[in-house]
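Visitor:
Residue numbers (the numbering used here): 233 to 370.
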């Protein structure tokens, strides 16, 4: 599981804007109680889903991880962003792309990622806040 977090950059912003947590999970399928799966026992994820936005009709754009993640994080279809394998970086194909976490940064959020958000060694430095930004926000 990987997580990306966008949180207001200053304490003052907390009153105005919500925190955003995006969980990205490979190969899970919707086998969770929150999606109606009767066998799965996932009480903590179900509780989080109950108070969150649950995407019931989200589909992978490509059967490979990196192209699908590039689509989710860029808002572009694979035929537009050109990432069709597990080794091509989004910025090699679309240098000026503005990613979802990058858009949060531009809006004044602290944007951090943990785990495999883009794809293993294809992480994207412009998408994430710097350590200095993180230190200032706490």
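We put the beta carbon where it would ideally sit given N, CA and C, even for glycine.
Since this is a predicted model, take the numbers as computed values, not measurements.
I need the straight-line Cα distance from residue 360 to residue 343, nearest angstrom please.
Guide: 5 Å
Visitor: Compute the Euclidean distance between the alpha carbons of residue 356 and residue 323, then round it to the nearest angstrom.
Guide: Looking at the two C-alpha atoms, the distance is approximately 8 Å.
Visitor: Apart from the five residues on each side of it in sequence, which residues of its chain come closer than 8 Å, Cβ to Cβ, to residue 366?
Guide: 342, 344
Visitor: Here's a check: name, in chain order, each residue in its chain whose Cβ is nearer than 7 Å to the Cβ of residue 297, leaving out the five neighbours to either side.
Guide: Correct list, in chain order: 258, 318, 351.
Visitor: Are there three or more Cβ pairs, one per stretch, closer than 8 Å when the stretch 283-298 is compared with the stretch 326-342?
Guide: no
Visitor: Looking at the secondary structure, which residues open and close the alpha helix (DSSP H) in which residue 336 lies?
Guide: 332-338
Visitor: Can you grab the Cα-Cα spacing for the pair residue 316 / residue 349, in whole Å?
Guide: 17 Å
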